[in-house]
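Comments concern the structure below.
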Amino acid sequence: MPFKRASGILLHPTSLSGGFGIGDLGETAYEFIDFLERAGQTYWQILPLGPTGFGNSPYSAFSAFAGNTLLISPSRLADDGLLSNETVERAPHFSREHVDYDQVRTWKSAILAEAFEKFRIESGTHAGEFNYFCSSNGWWLDDYALFCAVRSSHGLSPWYEWSQPLRLRDAEVIARVTDQLAREIEAEKFFQYLFFRQWLALKNYAREKNVQIIGDIPIFVALDSADVWCNRDKFKLGEDGSPSVVAGVPPDYFSNTGQLWGNPIYDWEAMQDDDFSWWTARISFTLMTVDIVRLDHFIGFSRNWEVPGGDRTAENGKWADVPGMSLFSILKKRLGETPVIAEDLGAMTTQVEELRDAFGFPGMRILQYGFGGDARNRDLPHNYIQNCVAYTGTHDNETAAGWYKTVGKNVRAHYRKYLGSSGRDVHWEMIRACLASVADTAIVPFQDLIGLKNDARMNTPGTALGNWEWRLAEGDLNDDLAKRLRDLAETYGRVR
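The following block contains the structure:
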């Protein structure tokens, strides 16, 4: 599905500024949309919105459908009469430079519990909305709320460590714990109601400002998730619920043992037998919460590297075909033309290109990857095509300024020669190159707009801790920056 010529900014909501320790769906989110409008930008690209676990990665969530309640705005809760102003004013002292997830999680859990108690006592106008939310979303919400309640009652241990009857969802046991944990289950549903109430209000505001939101769908889900616990027949698991195979990538130049990701792998045959109902629900639901979806690890829709469960490296894996053509044909039949971006980075094959092009999905080009080789490099702007998305870098890359500082001399020399650069204003040179390219869509991480070094990097792949913590500073969303970006967008025909 081709997109109109436009551009946008990559910034996850956790990175917004504000006084509550983490970016949220309150005032600064609305200010960011206003900034995008002033800057002539059409797109706000975000990372997955799901509830995060160990390492705080948005790509390892407890659910493919639920929202991250850490993003709920305390100020909006007070405006809705669900928190007292005193509670908001007594917020702890949080860092404004990075997210301390443990501190934020402790405080947000307490205030959400307070909001739930206030709701139970004085439900008021929220009662009808909450009941409608629960009935409309029960197909995923009931399982997720039960999963969270049971997990909490088991000291946050993963579901595959629970007793066998509970682990394997014995009907009698499930009925009993559902009754025993009724209050906790209702609370989890209420927290999700709050998240989606705030998120959809923000999305509606973006629409009023002609800003579209690009969401992100990780191809895999976490083993410790409601999705796997409640849909064991959709994954390659043993009788005890443990994965028979897990995801990874094979040994290569960068690693003699490959990469062992550990995610359970879909039983694609079982999914195909019921016409990919789980995937249809996932894509459809995501398109309710965002305008465009980016499919992470698109290569995995053509084939997966399957590693035997229990292996400690990815060396003994093997390639297994994935019925991506059938999947996307069913999705097109059920959902029509879907606005999808294919994250087609990595070891591309003819089969992956054919799958992407058969459905007209734009792929991605990363400017940082273009230098140090020859003129045929697909990530150099003169090799871009219209139906692609050009990035200076992604959330997994170094910042533009940090990249230029750390790459080898030959790469820097190629960069300067190609762009006619002195190397003094690298981030804006790279932004200009992307916006000037023929690519219909150009996306710039916010860090590159203000020339930050690698200490502002969002994620370093292969590391478990210290990621996803960077935040905007107060004053970053200023008029001078908006004007400079708008001037470039207008120059290269990207203002709609």
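Under numbering that gives the first Met the number 0, the first residue of the sequence shown carries the number 0, and numbering increases by one thereafter.
Every residue gets a Cβ at the ideal spot worked out from N, C-alpha and C, and that includes glycine.
Note that this is a predicted model, so its numbers are computed, not measured.
### Message
Taking the alpha carbon of residue 330 as the reference point, which residue from 380, 294, 95 and 275 has its own alpha carbon closest?
### Response
275
### Query
What are the partner residues of residue 305, as DSSP defines its beta bridges?
246 and 317
### Task
Verify whether the separation of the beta carbon atoms of residue 140 and residue 211 is less than 8 Å.
no
### Message
Strictly by DSSP, which residues pair up with residue 387?
### Response
362
### Among 196, 54 and 23, nearest to residue 467 - alpha-carbon criterion
54
### Counted within 10 angstroms of its Cβ, other Cβ atoms place residue 223 as buried (16 or more) or exposed
buried
### Query
Tell me which same chain residues have a C-beta within less than 8 Å of the C-beta of residue 97, skipping the five on either side of it?
468, 469 and 470
### Query
Do you know how far the Cα of residue 5 is from the Cα of residue 37?
14 Å
### Task
Note the first and the last residue of the continuous alpha helix (DSSP H) segment covering residue 192.
181-207
### Message
Restricting to Cα atoms, I'd like to know which of 138, 99 and 82 is closest to residue 116.
### Response
82
### Whole runs of the alpha helix (DSSP H) within the segment 47-121, excluding any shorter than 4 residues
73-78, 84-88 and 100-120
### Message
Here's the rule: buried if 16 or more other CB atoms are within 10 angstroms of the residue's CB, otherwise exposed. What is residue 399?
### Response
buried
### Message
Output needed for residue 19: all residues of its chain with C-beta closer than 7 Å, excluding positions within five of it in sequence on either side, in chain order.
### Response
73, 90 and 93
### Task
Kindly give me the distance between the Cβ atoms of residue 108 and residue 159, rounded to whole angstroms, as I take these residues to be in contact under 8 Å.
That belief does not hold up - the Cβ atoms of residue 108 and residue 159 are roughly 24 Å apart, past 8 Å.
### Message
With a threshold of 8 Å, are at least 3 pairs of Cβ atoms found where one atom belongs to the segment 47-65 and the other to the segment 24-37?
### Response
no
### Query
Which word fits residue 70, buried or exposed, when buried means at least 16 other C-beta atoms lie within 10 angstroms of its C-beta?
buried
### Task
Can you tell me which of the three DSSP states residue 410 falls into?
helix
#### Entry: First and last residue of the uninterrupted alpha helix (DSSP H) at residue 163
163-166
### Query
For residue 215, does the three-state DSSP call read helix, strand or coil?
strand
#### Entry: CA-to-CA distance, residue 427 to residue 60, given in whole angstroms
34 Å
### Message
Let's see if you can read the secondary structure: which residues bound the beta strand (DSSP E) around residue 440?
### Response
440-444
### Query
Since residue 265 sits in a beta bridge, which residues does DSSP pair it with?
234
### Query
If you drop the 5 nearest sequence neighbours on each side, which residues of the same chain put their C-beta closer than 7 Å to that of residue 355?
297, 341, 343 and 362
### Query
What do you get for residue 332, buried or exposed, if any count of 16 or more other CB atoms within 10 angstroms of its CB means buried?
exposed
### Task
Starting from the Cα of residue 251, find the closest Cα among 219, 304 and 261 and give me that residue.
304
### Which listed residue (279, 261, 336 and 368) has its alpha carbon closest to that of residue 313
261
#### Entry: Meets three-Cβ-pair contact criterion under 8 Å: the segment 412-422 and the segment 9-16
no
### Message
In whole angstroms, give me the CA-to-CA distance for residue 317 and residue 125.
### Response
52 Å
### Query
Can you tell me the Cα-Cα spacing of residue 337 and residue 487, whole angstroms?
29 Å
### Query
Among the residues of its own chain, which have a CB less than 7 Å from the CB of residue 62, if the five just before and after it don't count?
49, 50, 143, 224, 225 and 226
### Task
On the DSSP bridge assignment, give the partners of residue 292 in chain order.
214 and 339
### Query
For residue 180 versus residue 172, is the C-beta distance shorter than 8 Å?
no
### Task
Check residue 367 in the structure and name its three-state DSSP category.
helix
### Message
For a quick check, are the C-beta atoms of residue 246 and residue 284 less than 8 Å apart?
### Response
no
### Alpha-carbon spacing of residue 39 relative to residue 413, whole angstroms
31 Å
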